[in-house]
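Chains as they are written, first to last, in this note's numbering: chain H, 1150 to 1316; chain Z, 1150 to 1316.
Yeah, the Cβ is synthetic: ideal placement off N, Cα and C, and Gly gets one too.
Have a look at the structure below, then the notes.
Protein chains: 2
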Amino acid sequence: MSQSLLTTLCYLEQGGKYLMMHRVKKEKDGNRDKWIGIGGHFEKGESPEECLIREVKEETGLILTRYRFRGLVTFSSGDWQEYMCLYTADGFVGELLPEQMKDCSEGELVWVDKGAIDELNIWEGDRIFLRLLAEDAPFFSLKLRYDGDRLAEAVLDGKPIQLPDRL
Amino acid sequence: MSQSLLTTLCYLEQGGKYLMMHRVKKEKDGNRDKWIGIGGHFEKGESPEECLIREVKEETGLILTRYRFRGLVTFSSGDWQEYMCLYTADGFVGELLPEQMKDCSEGELVWVDKGAIDELNIWEGDRIFLRLLAEDAPFFSLKLRYDGDRLAEAVLDGKPIQLPDRL
């Protein structure tokens, strides 16, 4: 029986915008220069919600008060695999931490219009689940298989789907 | 970042019954004498659906054609933890394998009236998610913390819930 890497990712919503992190801080970040949501790795014994709330607090200073579990994303790339619990949250209290007050900053936080996210540098597979979120899809299980940085296969609830167009 | 154990569990449904496995085969089975659904551990890189379909085929001989991802259950007990993807399935083809034809039998398979399952020897926490399935609850995240065989805490979508009555 293999052991697997579990993570959460959350898109905080406010006024038609998502809180996005531009990952420009760590030299060796696999997400370097990419724009992603807020999240991180499970600590031992945490439920998805415990990980979600802790990660959002650590990375933004905000306390979630309302959130929805939207999907489970299976990433696979060669020998690497990750299972990511995907959330959106439209209730939170507190103030966004100023950069210099954060324990552990992984990037710059920016509120981005949902309609403008497609123009950012994001992972190909992220476009698929961002579309599902936009369509208010019911809970989904999405497998994304990458070949390096390139999305090679996407399977939604057990059925292969067409990959996004590439320019 | 810790690595975690991932499993699937499926309740196949037909005519008001669930296909239950009575775990009486392995001497050292942590589930020994308990009645549970059909499932097992993820293999490397599998999505939840890939694990689900493989495990049901291996343990019953049936091929799933319709299933629903109903919830994610976080089990924790001391140092042990497991994340279980919970499914129900009401579409499948094939015939239940006779015992002697199975590669790897972990127990006896019996179709049990849903109303009679409460009288079986099942884990305390299983009664909680079986009730959620019966109520057709939307996708849920349930954390079950055990102290040995005893359920110590249950948290549904981030909120503690009352434990089932004990006789």
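For this session: Let me know the secondary structure DSSP gives Asp1276 (chain H) once reduced to three states.
Result: Translated into positions along the first sequence, residue 1276 (chain H) becomes position 127. Correcting the residue type first, residue 1276 (chain H) is Arg in the shown sequence and not Asp. It is helical.
Problem set entry | Pick from H:Asp1285, H:Pro1313, H:Gly1210, H:Met1170 that is closest to Pro1247 (chain H), judged by C-alpha positions | Here residue 1247 (chain H) refers to the residue found at position 98 when the first sequence is read from its first residue. Closest by alpha carbon: H:Gly1210.
Problem set entry | Residue burial classification, Pro1309 (chain Z) (beta-carbon count within 10 angstroms, cutoff 16) | Your numbering for residue 1309 (chain Z) matches position 160 in the second sequence. The residue in question, Pro1309 (chain Z), is exposed, as its Cβ has fewer than 16 Cβ neighbours within 10 Å.
Exercise. Among the residues of its own chain, which have a CB less than 8 Å from the CB of Thr1156 (chain H), if the five just before and after it don't count?
Worked result: Within the first sequence, residue 1156 (chain H) is the residue found at index 7, counting from 1. Closer than 8 Å at the Cβ level, and outside the excluded window around Thr1156 (chain H), lie Gly1188, Gly1189, His1190, Phe1191, Cys1200, Glu1231, Tyr1232, Met1233, Cys1234.
Problem set entry | Interface partners of Gln1318 (chain H) on chain Z, CB under 8 Å | Here chain H comprises residues numbered 1150 to 1316, so residue 1318 (chain H) is not present and cannot be evaluated.
Exercise. Which bits of chain Z does Asp1262 (chain H) rub up against, with CB to CB less than 9 Å?
Worked result: Your numbering for residue 1262 (chain H) matches position 113 in the first sequence. Ordered by position in chain Z, no residue passes the 9 Å Cβ test against Asp1262 (chain H), which lies about 28 Å from the chain.
Problem set entry | Candidates Z:Glu1195, Z:Gly1186, Z:Gly1297, of which the one nearest Ser1226 (chain H) by Cα | Residue numbering aside, residue 1226 (chain H) sits at position 77 when the first sequence is read from its first letter. Closest option to Ser1226 (chain H), Cα to Cα, is Z:Glu1195.
Exercise. For Lys1166 (chain Z), which three-state DSSP category applies?
Worked result: For the purposes of this step, residue 1166 (chain Z) is taken as the residue at position 17 of the second sequence. Lys1166 (chain Z) falls in the strand class under three-state DSSP.
For this session: Take Val1173 (chain H) and list the residues in its own chain whose beta-carbon comes closer than 8 Å to its own, dropping the five residues that flank it on each side.
Result: Your numbering for residue 1173 (chain H) matches position 24 in the first sequence. These residues qualify, in order along the chain: Arg1181, Asp1182, Gly1256, Glu1257.
For this session: Would you list the residues sitting across from Glu1289 (chain H) in a DSSP beta bridge?
Result: Here residue 1289 (chain H) corresponds to residue number 140 of the first sequence, with the count starting at 1. Residue identity differs from the one stated: residue 1289 (chain H) is Phe in this sequence, not Glu. According to DSSP, which records beta bridges pairwise, Phe1289 (chain H) is partnered with H:Gly1220.
For this session: Measure from the C-beta of Phe1288 (chain Z) to each C-beta in chain H and report whether the shortest distance is under 8 Å.
Result: Here residue 1288 (chain Z) corresponds to residue number 139 of the second sequence, with the count starting at 1. Yes, Phe1288 (chain Z) counts as interfacial toward chain H.
For this session: Taking all protein chains shown into account, decide if Thr1214 (chain Z) is buried (16 or more other Cβ within 10 angstroms of its Cβ) or exposed.
Result: As a first step, residue 1214 (chain Z) must be located in the second sequence, where it is residue number 65. By the 10 Å Cβ count, Thr1214 (chain Z) comes out exposed.
For this session: Name, in chain order, the residues that DSSP records as bridge partners for Pro1309 (chain Z).
Result: Locating residue 1309 (chain Z) in the second sequence gives position 160, where the first residue counts as 1. Partner residues in the beta bridge of Pro1309 (chain Z), as assigned by DSSP, are Z:Val1304.
Exercise. When the distance is taken between beta carbons, is Gly1186 (chain H) closer than 8 Å to Ile1212 (chain H)?
Worked result: In the first sequence, the residue the question calls residue 1212 (chain H) occupies position 63. In the first sequence, the residue the question calls residue 1186 (chain H) occupies position 37. The answer is no: Cβ separation not under 8 Å.
Problem set entry | Presumed contact (8 Å Cβ cut-off) between Phe1278 (chain Z) and Leu1291 (chain Z), rounded CB distance | Mapped onto the second sequence, residue 1278 (chain Z) falls at position 129. Mapped onto the second sequence, residue 1291 (chain Z) falls at position 142. About 6 Å; that satisfies the 8 Å criterion.
Exercise. How is Glu1208 (chain Z) classed by DSSP in three states: helix, strand or coil?
Worked result: Here residue 1208 (chain Z) refers to the residue found at position 59 of the second sequence. Three-state DSSP puts Glu1208 (chain Z) in a helix.
Exercise. Where does Ile1271 (chain Z) fall in DSSP's three states?
Worked result: Position 122 of the second sequence, counted from the start, is the residue given in the question as residue 1271 (chain Z). In the structure shown, Ile1271 (chain Z) sits in coil (DSSP, three-state: anything other than H, G, I, E or B).
Exercise. Name the residues in the region 1216-1241 of chain H whose C-beta lies less than 7 Å from a C-beta of chain Z; which are they?
Worked result: Phe1218, Leu1221, Thr1223, Ser1225, Gln1230, Tyr1232
Exercise. Would Phe1284 (chain H) be called buried (16 or more neighbouring beta carbons within 10 Å of its own) or exposed?
Worked result: Within the first sequence, residue 1284 (chain H) is the residue found at index 135, counting from 1. This sequence places Glu at residue 1284 (chain H); Phe is not what is there. The residue is exposed, with fewer than 16 neighbouring Cβ atoms inside 10 Å.
For this session: Measuring only between beta-carbons, confirm whether Pro1309 (chain Z) sits less than 8 Å from chain H.
Result: Against the second sequence, residue 1309 (chain Z) aligns to sequence position 160. Answer no: the Cβ-Cβ gap between Pro1309 (chain Z) and chain H never drops below 8 Å.
Exercise. What's the gap between the Cα of Phe1289 (chain H) and the Cα of Leu1281 (chain H)?
Worked result: Reading the first sequence from its first residue, position 140 is the one you call residue 1289 (chain H). Reading the first sequence from its first residue, position 132 is the one you call residue 1281 (chain H). If you take the alpha carbons of Phe1289 (chain H) and Leu1281 (chain H), they lie about 9 Å apart.
For this session: Could you tell me which of H:Leu1305, H:Pro1313, H:Gln1311, H:Asp1262 sits nearest to Pro1197 (chain Z), measuring between CA atoms?
Result: Walking along the second sequence from the start, residue 1197 (chain Z) turns up at place 48. For Pro1197 (chain Z), the nearest C-alpha among the options comes from H:Leu1305.
For this session: Show which residues of chain H have a CB atom less than 7 Å away from the CB atom of Leu1155 (chain Z).
Result: Residue 1155 (chain Z) sits at position 6 when you count from the first residue of the second sequence. Correct list: Ser1153, Tyr1232.
Exercise. Straight-line CA distance for Ser1263 (chain H) to Leu1221 (chain H)?
Worked result: As a first step, residue 1263 (chain H) must be located in the first sequence, where it is residue number 114. As a first step, residue 1221 (chain H) must be located in the first sequence, where it is residue number 72. A small fix is needed here, since residue 1263 (chain H) is Lys in this sequence, not Ser. Cα to Cα, Lys1263 (chain H) sits roughly 21 Å from Leu1221 (chain H).
Problem set entry | Whether Leu1168 (chain Z) touches Leu1161 (chain Z) by CB criterion (8 Å) | Position 19 of the second sequence, counting from 1, holds the residue named residue 1168 (chain Z). Position 12 of the second sequence, counting from 1, holds the residue named residue 1161 (chain Z). By the CB criterion at 8 Å, Leu1168 (chain Z) and Leu1161 (chain Z) fall inside the cutoff.
Exercise. Since Arg1294 (chain H) sits in a beta bridge, which residues does DSSP pair it with?
Worked result: Translated into positions along the first sequence, residue 1294 (chain H) becomes position 145. The partner list for Arg1294 (chain H) (beta bridge, DSSP) reads H:Ser1225, H:Glu1302.
Problem set entry | Euclidean distance between Cα positions of Gly1307 (chain H) and Gly1164 (chain Z) | On the first sequence, position 158 is the one that residue 1307 (chain H) refers to. On the second sequence, position 15 is the one that residue 1164 (chain Z) refers to. So the alpha carbons of these two residues sit roughly 25 Å apart.
Problem set entry | Top-ranked residue by Cα proximity to Trp1184 (chain H), from H:Arg1219, H:Pro1313, H:Arg1276 | Counted from its first residue, the first sequence places residue 1184 (chain H) at position 35. The option with the nearest alpha carbon to Trp1184 (chain H) is H:Arg1276.
Problem set entry | Interface flag, Pro1197 (chain Z) vs chain H, CB-CB below 8 Å | By 1-based counting over the second sequence, the position of residue 1197 (chain Z) is 48. So yes, Pro1197 (chain Z) belongs to the interface.
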